[in-house]
Amino acid sequence: MRCKMVKSKLLASTIIVAAAAAVTAAPVSAAKLKLGGYYEQWVGVGAKGSGSALNTFDVKNDSEINFDFKQKLKNGMTVGGRMELEGNNQTSTGYDESSMYVSGSFGKIQLGNNDPAASYVGSVKGVGPVGIVKSDARRWVGGTYQVIDNDNDLGMGDAQKITYFTPKMGSFSGAISYMPDNSDGASGDSYTSETSGNSDGVSAMGKISGKMGGSKYSLAVGYSTVDASGTDNSGWNVGVNVSAGKNTFTVFSNNEESGTTDNTDLGAAIKHKLSKTDTVSLQLGVAEKDAAGTGSDQETTVITAGYSKNLGGGVSFQGSIFNIETDNDSGTNVGDMGVVGGFKVKF
1318 MRCKMVKSKL LASTIIVAAA AAVTAAPVSA AKLKLGGYYE QWVGVGAKGS GSALNTFDVK
1378 NDSEINFDFK QKLKNGMTVG GRMELEGNNQ TSTGYDESSM YVSGSFGKIQ LGNNDPAASY
1438 VGSVKGVGPV GIVKSDARRW VGGTYQVIDN DNDLGMGDAQ KITYFTPKMG SFSGAISYMP
1498 DNSDGASGDS YTSETSGNSD GVSAMGKISG KMGGSKYSLA VGYSTVDASG TDNSGWNVGV
1558 NVSAGKNTFT VFSNNEESGT TDNTDLGAAI KHKLSKTDTV SLQLGVAEKD AAGTGSDQET
1618 TVITAGYSKN LGGGVSFQGS IFNIETDNDS GTNVGDMGVV GGFKVKF
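Each residue of the sequence shown is one higher than the last, beginning at 1318 in the numbering used here.
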């Protein structure tokens, strides 16, 4: 009943906004298109770990191009969107999120494959090529690790959905998403009518933000629920961000229950600006999986120290020193360190 009510209200509001935009005379010029993105190139030394990596030295890169379009209509509304093209996907098209939005005084309605509302709670802020969220360290040390996460998507991920963002009302803002099914959750199925898997996903987020003296703060809470082939999975997450002068402190907590598996993630980071061009950070993350007596429980802890130097023109040199530890029921426990450095270019 709850999902049906959310679905009905989101669909009704979407149709009303679309109709309002449609009756507006078309602008003379086409929508403006902007290109952006990044390219990262890293070299580093990790460890063989329990996975017996072939080489402890490695070279890795990552890249993405964003296509952003935007057009303001004569009635004051704005229509825009983004398509993301990922590099290093030799076996697929490489397209990631793709969505559009309509915004105005009522807030913003976003349609397409994008993150659910709870993922906007926020993450930790740090510098360097190795962070704690998504556990970048595991790419440099062989083994099996529990991924540290904070998006509370319950498998909804980038599936097609409708998300409504409220306008800011004083210090409060919020968002709510509805995902009919997991279509477009994998390559080539954007027009597929799903017959199994996740459905009727609802995700919500509320945030309070403001200023206090010379400091800025925000506190956000998210909740998600989804029907996973007859099983109701749910999750919650919390994010806190406090910045004062040259220091920024961030922390999050995330819990997702999927059937008999309970995943809990915690993260904290402090970032300090040394000068106009130099920044350092320290991050700590912990992920625990409780698989209810299956013998596959996992716990992973990552500590990483990062450094970034702005070289100008969107180019920065960055480096990280990290330690990753895992405690698995299978006995494949690992405690290893690594050093990674390289360049990141934003454009």
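C-beta: ideal position from N, C-alpha, C; glycine also.
Residue i versus residue j: straight-line alpha-carbon distance, rounded
{"i": "valine 1419", "j": "tyrosine 1495", "result": "16 Å"}
{"i": "aspartate 1413", "j": "glycine 1474", "result": "11 Å"}
{"i": "methionine 1522", "j": "arginine 1455", "result": "30 Å"}
{"i": "glutamate 1642", "j": "glutamine 1463", "result": "10 Å"}
{"i": "asparagine 1430", "j": "serine 1416", "result": "6 Å"}
{"i": "glycine 1353", "j": "phenylalanine 1660", "result": "17 Å"}
{"i": "alanine 1342", "j": "glycine 1439", "result": "Reliability fails at alanine 1342, whose pLDDT of 48 lies under 50, so the model's placement of it is uncertain and the value that follows must be treated cautiously. Taking the straight line from one Cα to the other gives about 38 Å."}
{"i": "serine 1560", "j": "valine 1597", "result": "15 Å"}
{"i": "lysine 1588", "j": "lysine 1442", "result": "7 Å"}
{"i": "asparagine 1571", "j": "glutamine 1600", "result": "16 Å"}
{"i": "aspartate 1375", "j": "glutamate 1403", "result": "21 Å"}
{"i": "alanine 1545", "j": "glutamate 1401", "result": "28 Å"}
{"i": "asparagine 1515", "j": "glycine 1531", "result": "45 Å"}
{"i": "asparagine 1676", "j": "valine 1538", "result": "Nothing in the structure corresponds to residue 1676, since the chain is present only between 1318 and 1664."}
{"i": "threonine 1581", "j": "lysine 1389", "result": "42 Å"}
{"i": "glycine 1460", "j": "aspartate 1579", "result": "21 Å"}
Bounding residues of the beta strand (DSSP E) (the contiguous stretch that carries residue i)
{"i": "methionine 1400", "result": "1395-1403"}
{"i": "alanine 1537", "result": "1532-1545"}
{"i": "tyrosine 1412", "result": "1412-1421"}
{"i": "isoleucine 1465", "result": "Unbroken run through isoleucine 1465: none, as it is neither H nor E."}
{"i": "glycine 1584", "result": "1578-1590"}
{"i": "asparagine 1499", "result": "Where asparagine 1499 is concerned, there is no enclosing beta strand (DSSP E), given that its DSSP letter is neither H nor E."}
{"i": "serine 1346", "result": "Counting along the chain, serine 1346 falls outside any beta strand (DSSP E), and DSSP gives it neither H nor E."}
{"i": "lysine 1377", "result": "1374-1389"}
{"i": "glycine 1424", "result": "1424-1430"}
Residue i, DSSP secondary structure in three states
{"i": "serine 1436", "result": "helix"}
{"i": "alanine 1364", "result": "strand"}
{"i": "aspartate 1453", "result": "helix"}
{"i": "valine 1447", "result": "coil"}
{"i": "asparagine 1645", "result": "strand"}
{"i": "methionine 1473", "result": "coil"}
{"i": "phenylalanine 1664", "result": "coil"}
{"i": "aspartate 1517", "result": "strand"}
{"i": "leucine 1601", "result": "strand"}
{"i": "lysine 1593", "result": "coil"}
{"i": "glycine 1354", "result": "strand"}
{"i": "threonine 1548", "result": "strand"}
{"i": "threonine 1483", "result": "coil"}
{"i": "asparagine 1558", "result": "strand"}
Environment of residue i [buried if 16+ CB atoms lie within 10 Å]
{"i": "asparagine 1673", "result": "Any answer about residue 1673 is impossible in this case: the structure gives the chain only from 1318 up to 1664."}
{"i": "aspartate 1549", "result": "exposed"}
{"i": "lysine 1478", "result": "buried"}
{"i": "proline 1433", "result": "buried"}
{"i": "proline 1446", "result": "buried"}
{"i": "serine 1346", "result": "exposed"}
{"i": "asparagine 1554", "result": "buried"}
{"i": "isoleucine 1493", "result": "buried"}
{"i": "lysine 1663", "result": "exposed"}
{"i": "aspartate 1284", "result": "Because the chain in this structure spans residues 1318 to 1664, residue 1284 falls outside the shown range and cannot be described."}
Complete beta strand (DSSP E) runs within the region 1616-1642 (minimum length 3 residues, chain order): none
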